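Start counting the sequence shown at 8; every next residue gets the next number (this note's numbering).
Ideal placement from N, C-alpha and C gives every residue a C-beta, glycine not left out.
From a predicted model like this one, the values you see are computed outputs, not experimental measurements.
I have placed the structure first, in the form of structure tokens, so that the comments after it can refer back to it.
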Amino acid sequence: QRSNGRIHQAVITQINYEAKSVTVEWQEKNEGKGKEVDLDAIVQLNPNLFTSVTNPSSSHNNNNNNNGATVDHDTNNNGDHYTNGGTVTQPNRRTKQQTTDSENVRKQSQLPVAAAVAAVRPAVISSSAVQVNNDISPQKQQTPTIPPVLDSNKSKVVKEIERIAANREQRRARQDERRQKLSEVDQSIPAWEFQAMVSEYRQQLDVKLLVMNDPQKDLKICVCVRKRPITKKELNKKDIDVLTIPNKEVVIVHLPKVKVDLTKYIDNQKFRFDYGFHETCNNELVYHFTAHPLVQSLFQGNNPMVFAYGQTGS
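Encoded structure:
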């Protein structure tokens, strides 16, 4: 009987004499399941298997009480009742047998009920187990394929738990690293949280700046941008740098924003140019990639045109 009240057949696989219980198994949705059931529950659910055995035993005991001498005489017919001179006197034999049988019956009646149950029921369970096993032999043959399925399911669960634990450890490590970086940021800056976000984003970039040895591009139209350094006035005001040039073609603008729930974040917008000059580039590097190709084109008889704004004096 299941915990939900449903009753169905099961195969008895093991008998525990000390605990007075049996272990049963059954198939459900192509999965093998098992349970440990008390002998009392087995007796209540299967009264037809125990009535035919317990009744003869009780009647056998009654017959022993009433006809103890006759039973003992029949079962022990091995010549001990006879002598060379003849048989032993019957009255003394009957009196002795009745006394012995009455003492045995009295001793058996004084035994605990649990001991009597333990002595009778295991034999009954073993016979019923054979009968059930014979009835459900096709299902019994399918049980060897069950453990691999259970093991595979268990291994999947274990792997999933290990993956979640690894992700949790990585997330904690990143949070600790982020807290360490935030502690290094100058919190006297009004927008120090945005400054920390920009610094964290820059550390994740693969920086490859423009150098003099890079080849020049043969272009009809060339669009370039140069990032100017932060001025002393801006440094005194503790303004944050919101431009990043990770390579010679890309310029990233970091826009500080606030969500509806007042969560602060930065919107990183990328722009592509033919050349991107970072704030550490000198005038010689800028001239090499912008004005120098135009001078050569001028001596070749062409009419180059330059449109520039910002830092035109330099």
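- Task: Per DSSP, which residues does Trp-33 bridge with? Please list them.
- Result: One-based indexing of the sequence shown puts residue 33 at position 26. According to DSSP, which records beta bridges pairwise, Trp-33 is partnered with Lys-40.
- Task: Kindly indicate the opening and closing residues of the alpha helix (DSSP H) around Asp-47.
- Result: As a first step, residue 47 is located in the sequence shown; it is residue number 40 there, counting from the start. Its alpha helix (DSSP H) spans residues 46 to 52.
- Message: Taking the straight line between their C-alpha atoms, what separation do you get for Glu-167 and Phe-278?
- Response: Here residue 167 refers to the residue found at position 160 of the sequence shown. Here residue 278 refers to the residue found at position 271 of the sequence shown. Those two C-alpha atoms are separated by around 41 Å.
- When the Cα atoms are used, what is the spatial distance from Asn-220 to Ala-298? Position 213 of the sequence shown, counted from the start, is the residue given in the question as residue 220. Position 291 of the sequence shown, counted from the start, is the residue given in the question as residue 298. So the two alpha carbons sit approximately 16 Å from each other.
- Spatial distance of Val-214 from Val-267 (CA atoms): In the sequence shown, the residue the question calls residue 214 occupies position 207. In the sequence shown, the residue the question calls residue 267 occupies position 260. Approximately 33 Å between the Cα atoms of the pair.
- Message: Restricting to Cα atoms, I'd like to know which of Leu-56, Arg-186, Asp-45 is closest to Val-31.
- Response: The count along the sequence shown starts at 1 and reaches residue 31 at position 24. When only C-alpha atoms are compared, the closest one is Asp-45.
- Item | Residues of its chain near Ile-273, where Cβ-Cβ distance is below 8 Å and the 5 sequence neighbours each way are ignored | The count along the sequence shown starts at 1 and reaches residue 273 at position 266. For Ile-273, where only same-chain residues beyond five positions count, the Cβ hits under 8 Å are Phe-201, Met-204, Val-205, Tyr-208, His-261, Leu-262, Pro-263, Lys-264.
- Query: Between His-15 and the rest of its own chain, which residues show a CB-CB distance below 8 Å, the 5 nearest in sequence each way excluded?
  - Reply: Position 8 of the sequence shown, counted from the first residue, corresponds to residue 15. Hits under 8 Å: Arg-9, Trp-33.
- Distance, Cα to Cα, Gly-39 vs Gln-21? As a working mapping, residue 39 is identified with position 32 in the sequence shown. As a working mapping, residue 21 is identified with position 14 in the sequence shown. Cα to Cα, the separation comes out at about 15 Å.
- Which two residues bound the contiguous alpha helix (DSSP H) that contains Gln-307? As a first step, residue 307 is located in the sequence shown; it is residue number 300 there, counting from the start. Element bounds for Gln-307: n/a, residue is neither H nor E.
- Item | Nearest residue (CA-CA) to Ile-49, options Val-18, Pro-222, Gln-187 | In the sequence shown, residue 49 corresponds to position 42, counting from 1. Measuring from the Cα of Ile-49, the nearest candidate turns out to be Val-18.
- Message: Among the candidates Asp-246, Ala-173, Leu-226, whose CA atom is the shortest distance from the CA of Ala-198?
- Response: Your numbering for residue 198 matches position 191 in the sequence shown. Ranking the options by Cα distance to Ala-198, first place goes to Asp-246.
- Take Leu-212 as the anchor and find which of Cys-231, Val-258, Lys-244, Phe-314 has the nearest alpha-carbon. Locating residue 212 in the sequence shown gives position 205, where the first residue counts as 1. When each option's Cα is compared against that of Leu-212, the closest is Val-258.
- Item | Three-way DSSP call (helix, strand, coil) for Val-293 in this model | As a first step, residue 293 must be located in the sequence shown, where it is residue number 286. Looking at Val-293 - three-state DSSP - the assignment turns out to be helix.
- Return the residue from the list Ser-304, Gln-51, His-285, Leu-305 that minimises the CA-CA distance to Val-232. On the sequence shown, position 225 is the one that residue 232 refers to. The candidate whose alpha carbon is nearest that of Val-232 is His-285.
- Rounded to whole angstroms, what's the CA-CA distance from Asp-281 to Leu-292? Just pull it up for me. Working through the sequence shown from its first residue, we reach residue 281 at position 274. Working through the sequence shown from its first residue, we reach residue 292 at position 285. The alpha-carbon atoms of Asp-281 and Leu-292 are separated by roughly 14 Å.
- Task: Report buried or exposed for Lys-255, applying the criterion of at least 16 other Cβ atoms within 10 angstroms of its Cβ.
- Result: One-based indexing of the sequence shown puts residue 255 at position 248. That one is buried.
- Message: Would Gly-283 and Leu-217 be called neighbours here (beta carbons separated by less than 9 Å)?
- Response: Against the sequence shown, residue 283 aligns to sequence position 276. Against the sequence shown, residue 217 aligns to sequence position 210. Their beta carbons are under 9 Å apart, which means Gly-283 touches Leu-217 by this criterion.
- Message: Using the Cβ count rule (16 or more neighbours within 10 Å means buried), how would you classify Leu-242?
- Response: Within the sequence shown, residue 242 is the residue found at index 235, counting from 1. Exposed.
- Task: Put Tyr-316 into one of helix, strand or coil per three-state DSSP.
- Result: Position 309 of the sequence shown, counted from the first residue, corresponds to residue 316. DSSP places Tyr-316 in coil when its eight states are reduced to three.
- Query: Taking just the CA atoms, how far does His-295 sit from Gln-307?
  - Reply: Taking the sequence shown and counting its residues from 1, one reaches residue 307 at position 300. Taking the sequence shown and counting its residues from 1, one reaches residue 295 at position 288. Looking at the two C-alpha atoms, the distance is approximately 18 Å.
- Task: Give the single residue among Ile-228, Ser-28, Ala-173, Lys-234 whose Cα lies nearest to the Cα of Asn-289.
- Result: What you label residue 289 is simply residue 282 of the sequence shown in a count that begins at 1. If we check each option's Cα against that of Asn-289, Lys-234 comes out closest.
- Does DSSP classify Asp-248 as helix, strand or coil? In the sequence shown, counting from the first residue as 1, residue 248 sits at position 241. Looking at Asp-248 - three-state DSSP - the assignment turns out to be coil, as it is neither helix nor strand.
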